[in-house]
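Written below as structure tokens is the structure these notes are about.
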Amino acid sequence: MTSIEFEPVPAIDADAPKPEPGTVVMKFGGTSVGDTEKLKDVARRLVVAREAGNRVVGVLSAMGHTTDELLDLARQISQRPHPRELDMLVSVGERISCALAAMAIFDLGHDAISLTGSQAGIVTDTVHGKAKIVEVRARRIHEALNQGKIVLVAGFQGVSTAFEVTTLGRGGTDLTAAALAAALGADACEIYTDVQGVYTADPRIVPSARKLHAVSYDEMLEMAASGAKVLQLRSVEFARNHGVKLHVRSTFSDADGTWITEEDERMLEKAMISGVTHTLEETLYRVDGVAAARLFAALAEAQVNVDTIVQTSAQIVFSAPVEDRVDAAAVLDGLGVSWSASDELGKVSVVGAGMKSHPGVAATTFSTLGELGIEPQVVTTSPIKIACHVGREDVERAVAALHEAFQLHRPEAMRADP
Ligand code: ASP
Ligand code: MG
28 MTSIEFEPVP AIDADAPKPE PGTVVMKFGG TSVGDTEKLK DVARRLVVAR
78 EAGNRVVGVL SAMGHTTDEL LDLARQISQR PHPRELDMLV SVGERISCAL
128 AAMAIFDLGH DAISLTGSQA GIVTDTVHGK AKIVEVRARR IHEALNQGKI
178 VLVAGFQGVS TAFEVTTLGR GGTDLTAAAL AAALGADACE IYTDVQGVYT
228 ADPRIVPSAR KLHAVSYDEM LEMAASGAKV LQLRSVEFAR NHGVKLHVRS
278 TFSDADGTWI TEEDERMLEK AMISGVTHTL EETLYRVDGV AAARLFAALA
328 EAQVNVDTIV QTSAQIVFSA PVEDRVDAAA VLDGLGVSWS ASDELGKVSV
378 VGAGMKSHPG VAATTFSTLG ELGIEPQVVT TSPIKIACHV GREDVERAVA
428 ALHEAFQLHR PEAMRADP
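Numbering-wise (this note's numbering), the sequence shown opens with residue 28 and increments by one.
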């Protein structure tokens, strides 16, 4: 397997035309294309952008829960489906959306073409299930755009350097969109979704949560890594590395959403905390009797994405995404170490660029949790984040209390222009 460490700048073929101004990349998530009526609405939105004179690239997710259903089919057949075949299977969902959207666009009197990731020139490494993009060969997209076509690209997939179909990990359509925006020199990457933008907390838990006008790449990275489901983590990393502005906004309205860009004073001064994020599905592994070097080398070899790591004397505690559970267990069993995993935890994180220059965030966080009688099991920090693993049943009240303690319901928290 060839795996690479980073997603490099997508190269545009030397003989391809130079990027034109007014190229827009518009990504639509699963709920936005949830049924055929919604797909027709998406087609209309793409046509409106085209009629405004733009070169339009639509990047679509699979309809509704299609990807989950395909994964479920595979699991009914096999405990550990063959990785190549699994990618052949799950990449189909996005193709369905794109072909249907193209048909709808024809009926609206415009020209369109749907492309698989491979046809769109998304070249990846050979790691099935979480391939990294190596290059974008955008010539075919440019040709179609030059012919006035609306181009629909199946998200979440590419073709490997070994000519196999690969997928980019759950939520990977965001990454496809960010990579195409970079490769095509688009002004921004519009991420259309079923919420209005990025919020100071999950509005289902905190009704007074506010939509943020602007979030820095680093803040969004921390938020995506700690439970904000609105953007795939790797897409944010890619956008930051390539200076692609992301605009997360609602499919169902024309309102401005949240801009993810370079840090500016607004983010540092308006409110020191941008948001409180959470997850309910943390798996924390406790491992005894293995050297850290050996353990993490084996996990890396198995492509397990380790997040939090805490080492106390002989015990190592780490977390990894739930979807890596089977692989992590196989690695730990293979090492012959004694280990346990607890699934009954969640994580609450306070994120904000302003934390760098305002002391006292940790004090407020711990005193707020303390007043609720919550004692975090593991605490991890970065310059702009404090994350606490707490019991799953305590997560929601911790989120609400921290949102209140940092006064994120106030208008300043929005970071809108004055
Ligand atoms: N359909 C894929 C998933 O559900 C990719 C995406 O929607 O971004 O993960
Ligand atoms: Mg998504």
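Just so it is clear, CB atoms sit at the ideal spot from N, CA and C, and this is done for glycine as well.
By alpha-carbon positions, which one of the options ends up nearest to residue i?
i: Val388; options: Thr203, Glu402 and Ser409; result: Ser409
i: Gly61; options: Asp221, Lys176 and His155; result: Asp221
i: Arg442; options: Thr288, Lys412 and Glu309; result: Thr288
i: Thr407; options: Leu399, Gly400, Glu398 and Val417; result: Val417
i: Phe133; options: Leu73, Ser301, Glu290 and Asp214; result: Leu73
i: Phe279; options: Gly49, Thr50, Asp245 and Phe55; result: Phe55
i: Pro368; options: Glu249, Asp95, Gln342 and Thr188; result: Checking the sequence, you will find Ala at residue 368 rather than Pro. Of the listed residues, the one whose Cα sits closest to Ala368 is Gln342.
i: Arg437; options: Val364, Gly49 and Arg237; result: Arg237
i: Gly199; options: Leu142, Gln223 and Arg261; result: Arg261
i: Ala89; options: Cys125, Ile104, Gln434 and Arg82; result: Cys125
i: Lys412; options: Ala380, Ala319 and Leu98; result: Ala380
i: Glu249; options: Ala158, Gln184 and His305; result: His305
i: Gly175; options: Phe265, Arg77 and Cys216; result: Arg77
i: Glu206; options: Asp68, Ile149 and Ala329; result: For the record, residue 206 in the displayed sequence is Ala; it is not Glu. The option with the nearest alpha carbon to Ala206 is Ile149.
i: Met382; options: Leu359, Val331, Lys297 and Ser145; result: Lys297
i: Ser230; options: Val257, Ala210 and Val51; result: Note that residue 230 is Pro in the sequence shown here, rather than Ser. If we check each option's Cα against that of Pro230, Val257 comes out closest.
i: Glu431; options: Ser235, Glu191 and Ile123; result: Ser235
i: Ser243; options: Ser301, Thr391 and Thr188; result: Ser301
i: Met321; options: His269, Gly361 and Trp286; result: With the sequence shown as reference, residue 321 is identified as Arg, and Met is not the correct amino acid for it. If we check each option's Cα against that of Arg321, Gly361 comes out closest.
i: Leu179; options: Asp421, Leu396, Ala189 and Val69; result: Val69
i: Ala181; options: Ala215, Leu142 and Asp214; result: Leu142
Can you tell me which of the three DSSP states residue i falls into?
i: Asp134; result: helix
i: Asp354; result: helix
i: Arg107; result: coil
i: Gly254; result: coil
i: Ser280; result: coil
i: Thr407; result: strand
i: Met28; result: At Met28 the pLDDT is 49, less than 50, meaning the model places this residue with poor confidence and gives no usable figure here.
i: His436; result: coil
i: Glu431; result: helix
DSSP has residue i in a bridge; who is on the other side?
i: Met53; result: Gly85 and Glu217
i: Leu311; result: Ser346 and Ser369
i: Ile287; result: Val242 and Leu273
i: Lys374; result: Thr306 and His416
i: Ile336; result: Phe345
Suppose only complete runs of 4+ residues qualify. What are the alpha helix (DSSP H) ranges in the segment 129-203, listed by chain order? Taking only runs of at least 4 residues, the alpha helix (DSSP H) segments lying wholly in the segment 129-203 are 166-173.
How would the residue list near the ligand MG read, in chain order, if you kept each one whose beta-carbon is closer than 5 Å to any heavy atom? The answer, residue by residue, is Gly56 and Gly198.
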